[in-house]
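For reference, the structure discussed in these notes is given below.
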Amino acid sequence: MADEFPFELSPMFEGERIRKDSVYIELAGPKSKGFELVRAAEMDEVEDGGFTLIGPDISDMAEGDRYPFAMIYRIAGSAVEPDLEAIVERRNHDFQNYVSGLMHLNQRYDIWLRISKDAVAKGLNSFESIAKATMMLFKNELPFIEKMDVLYITDAEEIEKRLPEVKTIYETRDARTRDLHDDDVDTFYGCTLCQSFAPTNVCVVTPDRVSLCGAINWFDGRAAAKVDPEGPQFAIEKGECLDEVSGEYAGVNESAASLSQGEYSRIKLHSFFEYPHTSCGCFEVVGFYIPELDVIAWVDRDYAKPAPNGLTFANMAGQTGGGKQIVGFLGIGINYFRSPKFIAADGGWNRVGWMPKHLKDRVLDDIPGDIVDAIATEEDATDLDSLRAFLIDKKHPIVSGWKEKEAAKKKEKKKDAGVKEPDVSAAVAPEAMPAMSLPAGFVGSGSIGSGGGVRLILKNAKITIGQVIVKQDEDDD
Ligand code: SF4
32 MADEFPFELS PMFEGERIRK DSVYIELAGP KSKGFELVRA AEMDEVEDGG FTLIGPDISD
92 MAEGDRYPFA MIYRIAGSAV EPDLEAIVER RNHDFQNYVS GLMHLNQRYD IWLRISKDAV
152 AKGLNSFESI AKATMMLFKN ELPFIEKMDV LYITDAEEIE KRLPEVKTIY ETRDARTRDL
212 HDDDVDTFYG CTLCQSFAPT NVCVVTPDRV SLCGAINWFD GRAAAKVDPE GPQFAIEKGE
272 CLDEVSGEYA GVNESAASLS QGEYSRIKLH SFFEYPHTSC GCFEVVGFYI PELDVIAWVD
332 RDYAKPAPNG LTFANMAGQT GGGKQIVGFL GIGINYFRSP KFIAADGGWN RVGWMPKHLK
392 DRVLDDIPGD IVDAIATEED ATDLDSLRAF LIDKKHPIVS GWKEKEAAKK KEKKKDAGVK
452 EPDVSAAVAP EAMPAMSLPA GFVGSGSIGS GGGVRLILKN AKITIGQVIV KQDEDDD
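For the sequence shown, position 72 matches number 103 in this note's numbering, and the numbering has no gaps at all.
Dropping the structure here:
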């Protein structure tokens, strides 16, 4: 291999990060355009090993610049069928990360690649070698692919022209699971492809829960497990249903325990707070709890500004990823918004308070009509005060929850103090900022109120203290 390509090629380079200072060129990503796509084709349509490039090659690109980038692979073989396209496409992430000096992130039209200065200095000056290495890995690892060719595009106009059709292909794939639900099947599918980045992550893909990368739905999992049962996608027998609303199943819990090496033993597929699904880092959208307002908000990769809690997608993605169950944050695929079981254990859409406008518009038809106008976007609220005012103004269902929780809290306090309980049915003014109790296990986002009795659990935290000043308390003797 070393002689064939001007770079090393090995799974040991998976997880290699190429930091800003080491980047020679950046391809696609949040500040540019691009996509990756796999299409099933007839045997006679594919020129095996064929490579075509539309646009400039690496040798024509200036150091430090950013370029649009798209990859279209065609696969053929007697066992190749359109059902396998998504699953083969997802392996592109895997295989391209085997290339030393190449970093591939995300999927579909969110792909983001970097080529390092070091790799270019060692002779990586053409996309052809990357394409040939990738196709070799595809054919070695997925023997049902008998023939394969690829078109890479770095021409901005060409990518722009093809994007609408490509997005329609993704949407058609996603729409397939609309009429199939968790209750209709006995088998879910697991995926461990991202364990190279997040060692304890196990994605569970069900008819009502698309993978958090958005690239694999239940049909894709089934097709992959059928052609490659020893591969990274595999069947999970549901087993006994332990809780229908939150989506807890004995079979999923067993798989979680063994595949996470004992890191966790319960997963509730449709829960935000209790035993949530793990988040590896490839999620399309991150959900975050706002304890001051008791709502859940969502932000996706395309929204670069801070959300109402003052944090950006990038800030929160760092806290959410890594393959852990982080209570208070959850990574999901966009299509999960369309699920009838969407965070069912925590109120579903009635618990959602904010999301970026372009994201809300994208799933508008799937938001229940009675809540749609009460969910704010950046046009309505950009911080907690304006969001609180919006929720009150729109009579968001959570506002009545504030009153109930406030009344329950007062009742509890008085009970603890041994005071006879008064009638607390009188309404609590919604203007009073509710001091919400945090869900069990909530790991703070840094904006928790200063009331006593809150225990902060910092997991995997690195704390740097610049200066410590110790002063004697004036009242102390
Ligand atoms: S995010 Fe999940 S489903 Fe998608 S590739 Fe990674 S492990 Fe597989």
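Glycine is no exception: its CB is placed at the ideal position from the N, C-alpha and C atoms.
Per DSSP, residue i is paired with what?
i, result
"residue 83", "182"
"residue 264", "222"
"residue 380", "Answer is none; residue 380 lacks a bridge partner."
"residue 235", "221"
"residue 65", "100"
"residue 272", "280"
"residue 24", "Not covered by the structure: residue 24. The range shown for the chain is 32 to 508."
"residue 328", "319 and 385"
"residue 407", "385"
"residue 310", "355"
"residue 253", "Looking at the DSSP assignment, residue 253 forms no beta bridge with any residue, so it has no partner."
"residue 240", "237"
State the DSSP-derived secondary structure class of residue i, mapped to helix, strand or coil.
i, result
"residue 289", "helix"
"residue 210", "coil"
"residue 282", "helix"
"residue 295", "coil"
"residue 321", "strand"
"residue 57", "strand"
"residue 43", "helix"
"residue 147", "strand"
"residue 157", "coil"
"residue 204", "helix"
"residue 393", "helix"
"residue 230", "coil"
"residue 48", "coil"
"residue 457", "In this predicted model, residue 457 has a pLDDT of only 36, less than 50, meaning its place in the structure is not dependable enough to derive any value."
"residue 194", "helix"
"residue 259", "coil"
"residue 170", "helix"
"residue 247", "coil"
"residue 302", "coil"
"residue 372", "coil"
"residue 448", "coil"
"residue 35", "coil"
"residue 10", "Look at the range of the chain in this structure, 32 to 508, and you will see that residue 10 is not part of it."
"residue 215", "helix"
"residue 78", "coil"
"residue 94", "coil"
"residue 443", "helix"
"residue 177", "coil"
If you compare alpha carbons, which of the options is closest to residue i?
i, options, result
"residue 372", "96, 350, 388 and 398", "398"
"residue 79", "424, 108, 95 and 59", "108"
"residue 283", "140, 217, 339 and 334", "217"
"residue 157", "167, 120, 86 and 124", "86"
"residue 92", "132, 155, 113 and 306", "155"
"residue 262", "405, 171 and 241", "171"
"residue 121", "66, 367 and 366", "66"
"residue 94", "62, 58 and 386", "58"
"residue 375", "347, 408 and 305", "305"
"residue 250", "227, 211, 286 and 279", "211"
"residue 68", "42, 45, 56 and 194", "194"
"residue 152", "206, 185, 90 and 352", "90"
"residue 43", "132, 301 and 370", "132"
"residue 326", "429, 351 and 424", "429"
"residue 179", "260, 315, 82 and 88", "82"
"residue 104", "116, 196 and 447", "116"
"residue 427", "445, 415 and 407", "407"
"residue 150", "341, 49, 70 and 204", "49"
"residue 72", "114, 88, 355 and 288", "114"
"residue 433", "323, 358, 271 and 242", "323"
"residue 267", "234, 219 and 75", "219"
"residue 414", "167, 76, 431 and 343", "343"
"residue 288", "230, 403 and 448", "230"
Could you pull out every unbroken beta strand (DSSP E) segment of at least 3 residues lying fully inside the segment 334-367, listed in chain order? Listed in chain order, they are 360-363.
Every unbroken beta strand (DSSP E) within the segment 103-143, with a cutoff of 3 residues, ordered by chain: Residue ranges of uninterrupted beta strand (DSSP E) with 3 or more members, entirely inside the segment 103-143 and ordered along the chain, are 133-136.
Any chance you could list the alpha helix (DSSP H) runs of at least 4 consecutive residues sitting entirely within the segment 410-437, in chain order? Fully enclosed alpha helix (DSSP H) runs of 4 or longer: 415-424.
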